[in-house]
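Q: Pasting in a structure now, in structure tokens, and then I'll have a few things to ask.
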């Protein structure tokens, strides 16, 4: 039997993950049953696009974002070779270099490109659809080359405008500010991140930007880019989104760097030309398959029934699900959830769902998080405008939304609870609570009897012995020496039995004879007992401390 | 009056102690005093101080027991018992083949006993089926270290070296509770603010990072691997790796760099619940302490919390990758190490009680190794059986139609300590013959057909190899009670009854000499050691680290090897091997009907299944009963107050334990120590899913449902009797 030929168009984060996963799941003695050809338009090896804003921020090194390149003799990767067209009747992909690639299964993972706003000064770019057609100083932030160019531009740039106040825009703005560039975020929506946040949360985000020295103009449209005599960017003309007349003083933002982060457009041209249904993306069912059973689409180019989110978690989940499905179809060992140990209920359920091929998307992949130093924003599930019934709403009844507003510190926490689990949350300015809410949301752990407790990070690890402020304030039952289980009461009793120094107390109680970590505490107690005895016989409770005794002073000595 | 210098009977720290005979008529035969040694530095915990109590525990086994036709164990003479065991072993093997007999050893056995047991299985029984409870402790760390470094010595450096480090990353180790005196060695790192503890609980060890002494990363159970991938990501992404070291001393760094590119801290946060900035801070603390950045040294140390997992080998591999990225292993004052748990957890995995292994840490499938050991044993290499199966698989097969029909158990209380222990109980009950050697009655001896009473610790001579690979002398300080024999005698007598009259000496020094010869040229080479040389070394206050190869006559003795890897790694190319790994998560993850994690572990006062420590009054008083730690928020939701009974249910079974309400827990996680049997036994709940590489079971995490235990005064809890819980905790 000749091997099944899988052709993958796109060598980005999702395409490469799919390939890695498929090869992994079909490895083994009979692994020769599949061959994979990847056509990737970019010259680069696959890299972690999510980290491009960190590259801009100077937080990560460019070389460190390269993703795994599987070495497998079943795999051929053609870097720098895009796909030109698909002949579905013949099941052949024709590449730009003239080569032809027959397929049994075709996976489109062509991703998305940055949306370039409809501004007259950028018309050349739209006409040529080429990055290098942008005026000097104007950049998208979508590719490795974009990030590299922005980093180069920051060496000379003094003022930057970030066009688009979504997640990527805020990350880019923080990154540029970190490099010492003066930054203004221009956003057309009514408030920052309006897809995820409501006004109150967004104003907490604005507070965070203020603290980082980043200006922000919301409900503001870009009118045009202003270029200097050399065709270099000089500024951006803006106007109020409500159509009112702009204040002339505010109408032009001087800038020598413009970063466009105003969303993306799915790369669907290939699919559309091949007669596949395309809306915002290539339309696929829950099985990630188009109307043509041999053609699949995953990642940012795809439009699944639940809608594409543009989030990598969704793309990677799709990559995994499709790899499981195709591996199962190949009927190979390891296809049915190689990692699932027998006998585990959860594993069985997962494997069962996987092999069905129509596994629904994994829950918790719709979490949005701004990763920028000093700006902590996380939103997940039912949040922001959706929480009281939005388009994706299912059963707003029974939901309980609670929030904590702390405008002075830029903290805003909101949580939506239904059926005893967290179904959505927004958290601005409180990274620890954000991490807890993320876990509660993605794992559906039980919410507290009073869900208001979710709004704060729960008290943790209190009253560890090492953290006791003063043995003299301890209750008698408090353990002083963990290693030997000696309480304060034991030590006091030992004193009353005649032990008068640390050595004797240690000999009788064994306190201090383990790790020695309590030595200071025991010395302090013995000192306190000695001094107390001089004036008044100490009782065994702190309430009976001799008057005027400075609590804890022996310990700090 | 001089005492006997020896070491504590319990954990792998093997604290040095002196046992002094007491006056006639005293309740205990010896008095315990701590002794200065580089590991415990004169310290002892409560277990060590009270260890002599077990010598005179009232129910000490002093006569063999044989199960009669009435189903009850009756006292029997040694000859009667041994004749019976030999006859039944022979019968089982005649009827079902050699493989129908299996052996299960323990990490608490001396090197001499472990060696003799492995030899007995291979030479006398000639069965491939031998494994030991170290598979529950060290197998993942061993597999990962062997793959990366070409050798598995828990700490490839002296523990005291850690005392000079600027940063120490501890993953899944609660050493402040499990080996308390060892925490002295963290003083410098604490002073430098460099102690980083990864643990789902704010354990006693995590508390060592409080007040600016470091960081506690309170990760979601089962996600240590994600934490490590993120730390390694930060180290690479921020250019903090030791480039020259990686180029000169490792292979595979590029693959690891690429694999961690997908684990940026914000993604890891989603998996492990640790804020991304805390992950970055932890990575920065470690990196700053690395020699390449001018630090005074950094260590990455793993314990059972990270290893007892279906991805345990991968997790340890990730820890090693992090250490290698920072250029730590093989540099004085830095490194990676696994903190061995059981007393002889190190030596116990070197001398042949592992299913795939021969003495000297040799591989059973290596023809040269077989030839060497067969020559020492005086047998034909072709007569040595091949590799068997790891512990969990071995237990699963017991008493099944194609599995072992007879099992010999040494130094292990399986019915308490094995995962999914109710299933293990069923398997043991299905055997034709169960023979258990132990000092005291245990939950496992209760199931045995024959129980043989054996010597303990202060009653015997031998060697133990500690967590740092130092070979220590265990010395006799008092006579064993009448009727008790050493396991070396038991094996000698059984071998003779089964037709092997030579090769099973009963003198531990003689056994050690043979072990030394068998280990010669192996990874764990003891050939330059003898009891006499070790006594001299310990008298000098030190002890010797393996490998210690023999030297030709006339040449000075090999000084031992305190630090491995100074000149290279014992891999084929001399480089440490970096292997990319991926996080998959626990085998038994949360689901709607089991929405809370269970993690298991230990308390300071008890050791392993508690068979010894539960018999010490002071320890039993301090920790009298099974309990479950639960966060106040979860307790509130369940309507359970501190001290009330909590019912914990997993896909395997249910347990009832006293709720300890504490903020040291995560609100989504309950913790149970596993030292007890009966209704409160944590291992009723744990899964026997195992790591695909090491065979290590996933003790540390599973999904459970929790609720207040139904209150049925004087009656059964949900149809089951409640025999275990002490009366005073009845609600």
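Protein chains in written order, with this note's numbering: chain A, 33 to 589; chain B, 1028 to 1758. Where a beta carbon is used, it is the ideal one built from N, C-alpha and C, also for glycine.
Is the separation between the beta-carbon of residue 234 (chain A) and that of residue 241 (chain A) shorter than 8 Å?
A: no
Q: Taking a contact to mean a Cβ-Cβ separation below 8 Å, would you say residue 192 (chain A) touches residue 320 (chain A) in this structure?
A: no
Q: How would you label residue 432 (chain A), buried or exposed, when you count the other beta carbons within 10 angstroms and need 16 or more for buried?
A: exposed
Q: Starting from residue 1367 (chain B), follow its DSSP beta bridges and name the residues at the other end.
A: Answer by DSSP bridge pairing: none, since residue 1367 (chain B) is not bridged.
Q: In three-state DSSP terms, what is residue 1119 (chain B)?
A: helix
Q: Please list the residues of the region 1260-1280 of chain B that have a C-beta atom closer than 7 Å to any C-beta atom in chain A, keeping them in chain order.
A: The residues in question are 1263, 1264, 1265, 1266.
Q: With H, G and I counted as helix, E and B as strand and the rest as coil, what does DSSP make of residue 1700 (chain B)?
A: strand
Q: Check whether the region 1288-1305 of chain B and the region 74-82 of chain A touch, using three or more Cβ-Cβ pairs below 8 Å as the test.
A: Touching, yes, given that three or more Cβ pairs across the two stretches are closer than 8 Å.
Q: Is there at least one Cβ from chain A nearer than 8 Å to residue 1756 (chain B)'s Cβ?
A: With a pLDDT of only 33 at residue 1756 (chain B), under 50, the local geometry of the prediction cannot be trusted, and the value read off the model is given with reservation. Taking Cβ atoms only, chain A never reaches closer than 8 Å to residue 1756 (chain B), which makes this a no.
Q: With the cut-off set at 8 Å, would you say residue 1045 (chain B) and residue 1198 (chain B) are in Cβ contact?
A: no
Q: Using a Cβ-Cβ cut-off of 8 Å (strictly less than) and excluding sequence neighbours within five positions of residue 455 (chain A), which residues of its own chain qualify?
A: 413, 414, 431, 448, 449, 473
Q: CA-CA distance, residue 43 (chain A) and residue 1277 (chain B)?
A: Using only the alpha carbons, I get a separation of about 29 Å.
Q: Span of the alpha helix (DSSP H) holding residue 50 (chain A)?
A: 45-57
Q: In the DSSP assignment, find the alpha helix (DSSP H) that holds residue 1539 (chain B) and state where it starts and stops.
A: 1535-1546
Q: Going by the CB atoms, is the gap between residue 114 (chain A) and residue 132 (chain A) shorter than 8 Å?
A: Cβ atoms of residue 132 (chain A) and residue 114 (chain A): not closer than 8 Å.
Q: Cα-Cα, which of A:107, A:76, A:106 is closest to residue 94 (chain A)?
A: Of A:107, A:76, A:106, the residue nearest in Cα terms is A:76.
Q: Does any C-beta atom of chain A lie closer than 8 Å to the C-beta of residue 1632 (chain B)?
A: yes
Q: Can you round the beta-carbon distance between residue 1260 (chain B) and residue 1283 (chain B) to whole angstroms, since I take them to be within the 8 Å contact cut?
A: Incorrect: roughly 10 Å between the Cβ atoms, too far for contact.
Q: Can you pull the chain B residues whose beta carbon is under 7 Å from the beta carbon of residue 185 (chain A), in chain order?
A: Within 7 Å of the CB of residue 185 (chain A), no CB atom of chain B is found; the nearest one sits about 22 Å away.
Q: From this set, A:265, A:477, A:445, A:517, which residue's C-alpha is nearest residue 489 (chain A)'s C-alpha?
A: A:445
Q: Contact check, residue 1637 (chain B) vs residue 1703 (chain B) under 8 Å by CB: the rounded distance?
A: 6 Å
Q: Out of A:112, A:50, A:487, which one is the CA nearest neighbour of residue 100 (chain A)?
A: A:50
Q: By the 10 Å Cβ neighbour count, where 16 or more other Cβ atoms means buried, how is residue 376 (chain A) classified, buried or exposed?
A: The predicted model places residue 376 (chain A) with a pLDDT of 33, which falls under 50 and marks its position as unreliable; any figure quoted below should be read in that light. Label assigned to residue 376 (chain A): buried.
Q: Contact defined as beta carbons within less than 8 Å: I believe residue 1760 (chain B) pairs with residue 1385 (chain B). What is the distance between those atoms, to the nearest angstrom?
A: Because chain B spans 1028 through 1758 in this model, residue 1760 (chain B) falls outside it and cannot be assessed.
Q: Buried or exposed: where does residue 351 (chain A) fall if 16 or more other Cβ atoms within 10 Å of its Cβ makes it buried?
A: Residue 351 (chain A) should be labelled buried.
Q: Would you list the one or two residues that DSSP bridges to residue 1157 (chain B)?
A: B:1130
Q: Across the region 1264-1271 of chain B and the region 1220-1235 of chain B, are there enough close Cβ pairs to call them in contact, namely three or more that are closer than 8 Å?
A: no
Q: Between residue 1686 (chain B) and residue 1728 (chain B), is the Cβ-Cβ spacing less than 8 Å?
A: no
Q: Quick check: the region 1160-1180 of chain B against the region 1329-1339 of chain B, are there 3 or more CB pairs under 8 Å?
A: yes
Q: Looking only at its own chain, which residues have a Cβ that is under 7 Å from the Cβ of residue 1233 (chain B), when we skip the five neighbours before and after it?
A: 1224, 1226, 1243
Q: Assuming residue 213 (chain A) and residue 249 (chain A) form a contact by the criterion Cβ under 8 Å, report the distance between their Cβ atoms to the nearest whole angstrom.
A: So it is not a contact: roughly 17 Å between Cβ atoms.
Q: Answer with yes or no whether the minimum CB distance from residue 498 (chain A) to chain B is below 8 Å.
A: Note that residue 498 (chain A) scores a pLDDT of 44, beneath 50, so its modelled location is shaky; the value from the coordinates is reported in the next line. Yes, contact with chain B.
Q: With a threshold of 8 Å between beta carbons, is residue 1335 (chain B) in contact with chain A?
A: no
Q: Pull up the CB-CB distance for residue 1094 (chain B) and residue 1476 (chain B), whole angstroms please, since I reckon it's below 8 Å.
A: 5 Å
Q: Quick one: what's got a C-beta closer than 8 Å to residue 543 (chain A)'s C-beta in the same chain, skipping five residues either side?
A: 512, 513, 516, 518, 522, 523, 537, 550, 554
Q: Going along the region 1070-1088 of chain B in order, which residues come within less than 7 Å of chain A, judged by CB to CB distance?
A: 1070, 1071, 1072, 1073, 1076
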